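Everything below concerns the one structure shown next.
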Amino acid sequence: MAMMTVFHGGYMAVEVPGIRKGHNTKDFGDGFYCTIIKEQAQRWARRYNTKIVSVYDVRMNMNLKIKEFKEMTDEWLDFIIDCRAGKPHEYDIVIGAMADDQIYNYIADYMDGTITREQFWVLAKFKYPTHQMCFCTKEALDCLEYRGCEVVE
Numbered sequence: 010m011a012m013m014t015v016f017h018g019g020y021m022a023v024e025v026p027g028i029r030k031g032h033n034t035k036d037f038g039d040g041f042y043c044t045i046i047k048e049q050a051q052r053w054a055r056r057y058n059t060k061i062v063s064v065y066d067v068r069m070n071m072n073l074k075i076k077e078f079k080e081m082t083d084e085w086l087d088f089i090i091d092c093r094a095g096k097p098h099e100y101d102i103v104i105g106a107m108a109d110d111q112i113y114n115y116i117a118d119y120m121d122g123t124i125t126r127e128q129f130w131v132l133a134k135f136k137y138p139t140h141q142m143c144f145c146t147k148e149a150l151d152c153l154e155y156r157g158c159e160v161v162e
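When you line the sequence shown up against my numbering, it's residues 10 to 162, in that order.
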């Protein structure tokens with residue numbers, strides 16, 4: 010199995026990741042969120058006074074249920090809407106583009122009926138690439154091996 014490096018931005022080093030319960034505000038539901046894009050993890054960390062990026066090696070367990078959205082599609086949009094509404098899913102790991110604050114405003118407009126699905130897709134073009142991996146179960150967290158952390162300037 011191939012190994013990859015992922016990053017988690019926050020206010021402290023996270024040596025032992027855990028499932029973080031939200032209030033239906035996460036794209037892929039409850040879990041531990043990482044990214045393969047170091048700069049994105051640094052942006053996440055910059056929201057805090059203490060800015061830390063934790064670094065992990067990931068060895069995927071192919072026995073897990075993994076959902077990967079290779080592109081932003083109607084399926085991706087519907088999955089995010091369901092997760093943000095609190096609907097559970099069956100996956101151990103979910104991978105795909107992130108609906109940042111601007112994109113989520115468009116999703117809210119679509120959910121409210123203010124814009125159509127077609128209008129959403131016109132507005133939803135990213136200015137920079139995004140990526141997120143949500144480790145949703147204990148078994149998924151076992152794929153992560155903490156390598157260390159970096160302070161973000």
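Glycine included, C-beta positions come from ideal geometry on N, C-alpha and C. Note that this is a predicted model, so its numbers are computed, not measured.
With 16 other CB atoms within 10 Å as the buried threshold, where does residue i fall?
i	result
Q111	exposed
A94	exposed
M107	buried
Q128	exposed
G105	buried
Y42	buried
V25	exposed
Only counting the same chain, and skipping five residues up and downstream in sequence, which positions put a Cβ closer than 7 Å to that of residue i?
i	result
D118	I124
T82	none
K134	none
E154	Y65, D66
Quick one: what's got a C-beta closer than 8 Å to residue i's C-beta in the same chain, skipping five residues either side?
i	result
V131	none
V161	G18, Q51, A54, R55, K60, I61, V62
M12	D66, V67, R68
C92	N33, K35, D36, F37, G38, H98
E84	F78
R126	D83, L86, Y119
L150	P26, G27, I28, F41, F144
C152	V67, R68, M69, N70, L73, I102, F144
E80	A106
Just checking my contact of residue i with residue j at CB under 8 Å: how many whole Å lie between their CB atoms?
i	j	result
G27	C143	G27 to C143, Cβ: 13 Å. No contact.
H140	T14	Incorrect: roughly 12 Å between the Cβ atoms, too far for contact.
R156	Y65	6 Å
I89	I46	So it is not a contact: roughly 18 Å between Cβ atoms.
L73	E148	6 Å
Which residue marks the beginning of the alpha helix (DSSP H) containing residue i, and which one marks its end?
i	result
E24	Segment: none, E24 is in no alpha helix (DSSP H) and carries neither H nor E.
E162	Here E162 belongs to no alpha helix (DSSP H), and DSSP marks it neither H nor E.
L47	Inspection of the sequence shows that residue 47 is occupied by Lys rather than by Leu. From DSSP, the alpha helix (DSSP H) with K47 extends over 47-54.
Beta-carbon within less than 6 Å of residue i's beta-carbon, same chain only, minus the 5 sequence neighbours each way: which residues are those?
i	result
K76	Y100, V103
K30	D39
Please report the residue range of the beta strand (DSSP E) in which residue i lies.
i	result
F41	41-43
**Request:** Could you name each continuous alpha helix (DSSP H) segment of 4 residues or more that falls completely within the segment 69-153, going from the start of the chain to the end?
**Result:** Correct list: 83-93, 110-121, 126-132, 147-150.
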